[in-house]
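Just so we're aligned, residue 0 is where the sequence shown starts under numbering that gives the first Met the number 0, counting upward by one. Cβ coordinates follow ideal geometry from the N, Cα and C atoms, glycine included. First up is the structure itself, then whatever we jot down about it.
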Amino acid sequence: MGIHHVSCRVTASGVDDTGVIIDSLGWLAGGEPDIIVDKSTSYHGSKVYLISFKLTKNKPVKQFISRLKAVDTSLILESLAQKIDENNTLHIRLCLDSLIGEQILITNSTQKSVKCNIKIEVYPGQTAEDEISKILF
Numbered sequence: 000m001g002i003h004h005v006s007c008r009v010t011a012s013g014v015d016d017t018g019v020i021i022d023s024l025g026w027l028a029g030g031e032p033d034i035i036v037d038k039s040t041s042y043h044g045s046k047v048y049l050i051s052f053k054l055t056k057n058k059p060v061k062q063f064i065s066r067l068k069a070v071d072t073s074l075i076l077e078s079l080a081q082k083i084d085e086n087n088t089l090h091i092r093l094c095l096d097s098l099i100g101e102q103i104l105i106t107n108s109t110q111k112s113v114k115c116n117i118k119i120e121v122y123p124g125q126t127a128e129d130e131i132s133k134i135l136f
């Protein structure tokens with residue numbers, strides 16, 4: 000597979016149900032992911048939770064990609080060059096509300112979202128856009 004790793008993260012406030020968010024990230028990651036919850040406080044003193052996971056093994060990465068392939072990826076395809084940075088990492092956002100219902104919906108930055116980074120394996124003579132297109136589309 001042409002992917003080094005997948006990492007996703009979400010920021011939740013003190014009024015969000017973090018248990019539901021953790022369960023939805025567990026469903027997204029598949030299997031038994033190592034979900035990390037960092038509890039912090041904002042500048043004004045309210046609770047903030049940073050919830051994340053990182054997939055490095057092939058089987059969980061393949062499960063994540065298969066779930067991603069099942070949705071309408073046209074938003075990714077339209078702006079693929081802008082979503083890949085100089086480190087060959089694809090940046091996408093998934094709608095948190097739909098993810099709680101065990102559905103994946105690719106969204107923009109205006110909705111509450113889960114930020115995912117997909118590190119793509121790229122070798123000399125290859126482009127990141129071509130490699131991720133082979134995997135996702």
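Hey, residue i and residue j: beta-carbon distance below 8 Å or not?
i	j	result
residue 29	residue 52	no
residue 12	residue 36	no
residue 105	residue 2	no
residue 128	residue 79	yes
residue 87	residue 60	no
Closest to residue i by CA distance: which of the options is it?
i	options	result
residue 93	136, 17 and 102	102
residue 130	66, 15, 67 and 89	89
residue 118	17, 97 and 85	85
residue 24	114, 128 and 132	114
residue 136	91, 108 and 70	70
residue 126	83, 100 and 16	83
residue 81	44, 5, 107 and 40	107
residue 132	100, 68 and 109	68
At a cut-off of 7 Å, would you count residue i as near the ligand SAH, judging by its Cβ distance to the nearest heavy atom?
i	result
residue 26	This structure does not include the ligand SAH; it has no bound ligands of any sort.
In three-state DSSP terms, what is residue i?
i	result
residue 20	helix
residue 63	helix
residue 73	helix
residue 6	strand
residue 103	coil
residue 56	coil
residue 131	helix
Between residue i and residue j, what straight-line distance do the alpha-carbon atoms span, to the nearest angstrom?
i	j	result
residue 10	residue 17	10 Å
residue 98	residue 54	18 Å
residue 7	residue 124	29 Å
residue 111	residue 15	11 Å
residue 4	residue 42	32 Å
residue 40	residue 19	20 Å
residue 116	residue 44	29 Å
residue 56	residue 34	15 Å
residue 109	residue 32	28 Å
residue 77	residue 38	36 Å
Mind reading off the beta-carbon distance from residue i to residue j? Whole number of angstroms is fine, and I expect it under 8 Å.
i	j	result
residue 27	residue 66	7 Å
residue 21	residue 50	6 Å
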